[in-house]
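What follows is a short report on a single structure.
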DNA sequence: ACATTTATGTCAGCCATGTTGACTTTTTTC
DNA sequence: GAAAAAAGTCAACATGGCTGACATAAATGT
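Protein chains in written order, with our numbering: chain A, 1 to 163; chain B, 1 to 163.
Printed below as a string of structure tokens:
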């Protein structure tokens, strides 16, 4: 398995270096990328939810979140039903930046899947899920499924209103 | 591809957390793990080779390397043909620790491959290679092949002498 | 009504690990 | 004998983790 251990190291390093280059231009780092990514995937999420996903402390998150809000990449609105909550949304500016990250990382993955054969997508997906700690798997898969559904719902709504 | 982007994040986080727990007991971090791993794979490698693989600065490496040498995990010997070089070797202590990392990470990968079907190993391998920047692929694959061959050569030598 | 809990934010300081720049020593190479 | 290469070191700085302590606003329970 030594080869796969190392390939995972080299592959992941290149994978995260794509966003890194873009982030440099804004004076941001990887921490900012992660926040933007998950807020994009779960618009209106609470700060606590983000902490649970990232598994970092409130203080660590606070630093990068403040910069993202101050510089107009993220919008933080009080919750309607519970006004203690700060619900997080991307601004158009934040959305544009996040799309860059998604585009470049998707391109790398798509290329890799094409190069590794027809049925690779489902198999790679199963492999990655199985690499996650068993006790975290179902919550992780649910999280991803929820985000995917929300994307579908939003695009369906756009279809009805704007077209 | 959003699901795969996220699965890669979660999977890799768990993957590196295995060694992290062990390292804590020694007051070491991920940087120490990487150094031990590659010195294990390439016994007698030069400091420069390690810098090329890790892509960090001499100063960053210097800190962790000094700790590993001082605490008897790594042995640094002057090269025979070129005495400017410091050739790096694991001590028995370093070897024992490194085997722990390899064992726990191999176990996770093996389990994941089993859970994702029979032919997954070769496909996952091809996928990971294809995730690497094209210009780095051949050197990376050569590096891994060289390390694998060296392992074989050493175990063959053990077979002839000790058994 | 009042006490408690929850969600969030913030200050201060520490640690690990990356960076740049400058400089030294030893040894090899031309 | 000069230049280049391999390695090491000092100093200073950035990022992004961490702990601990504390503050505020709002919801919840009795």
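Positions of the beta carbon are idealized from the N, C-alpha and C atoms, including for glycine.
Counting C-beta pairs closer than 8 Å gives three or more between the region 133-151 of chain A and the region 38-46 of chain A, which meets the contact rule. Within chain B, 123, 126 have C-beta atoms less than 8 Å from the C-beta of residue 117 of chain A, given in sequence order. Taking C-beta separations shorter than 8 Å and ignoring five residues to either side along the sequence, the partners of residue 101 of chain B in its chain run 18, 19, 22, 33, 36, 37, following chain order. Under a 10 Å Cβ-count criterion, residue 57 of chain B is classified as exposed, with fewer than 16 other Cβ atoms of the shown protein chains found around its own Cβ. Separation of residue 8 of chain A and residue 118 of chain B (C-alpha to C-alpha, rounded to the nearest whole angstrom) is 20 Å. For residue 18 of chain B, there is no enclosing beta strand (DSSP E); the residue is found in the alpha helix (DSSP H) stretching over 2-24. The region 82-132 of chain A contains, as complete beta strand (DSSP E) runs of 3+ residues, the segments 86-90 (chain order). DSSP places residue 145 of chain A within a helical segment (H, G or I) once states are collapsed to three. With a threshold of 9 Å between beta carbons, residue 102 of chain B makes contact with chain A. With contact defined as three or more Cβ pairs closer than 8 Å, the region 64-74 of chain A and the region 88-95 of chain A are in contact. Under the DSSP assignment, residue 31 of chain A falls in the alpha helix (DSSP H) whose first and last residues are 30-41. Across the set B:153, B:134, B:135, B:129, the C-alpha of B:129 shows the shortest separation from the C-alpha of residue 3 of chain A. Taking 9 Å as the cut-off, the Cβ atoms of residue 127 of chain B and residue 113 of chain A count as close.
Contact of residue 22 of chain A with chain B by beta-carbon distance below 9 Å is absent, the smallest such distance being about 15 Å. Residue 55 of chain B carries a coil assignment under DSSP once its states are collapsed to helix, strand and coil. Here residue 76 of chain B is bridged, per DSSP, to B:88.
Scanning A:134, A:156, A:154 for the CA closest to the CA of residue 11 of chain B turns up A:134. Its chain contains 31, 32, 35 as the residues whose beta carbon lies nearer than 6 Å to that of residue 64 of chain A, once the 5 sequence neighbours on both sides are disregarded; these appear in chain order.
Note: residue 46 of chain B is bridge-paired with B:87 in the DSSP secondary-structure output.
Around the C-beta of residue 122 of chain B, fewer than 16 other C-beta atoms lie within 10 Å, and the residue is accordingly described as exposed. When the alpha-carbon of residue 116 of chain B is set against those of A:47, A:1, A:131, A:109, the nearest one is in A:131. For the pair residue 1 of chain B and residue 15 of chain A, the Cα-to-Cα distance works out to about 13 Å.
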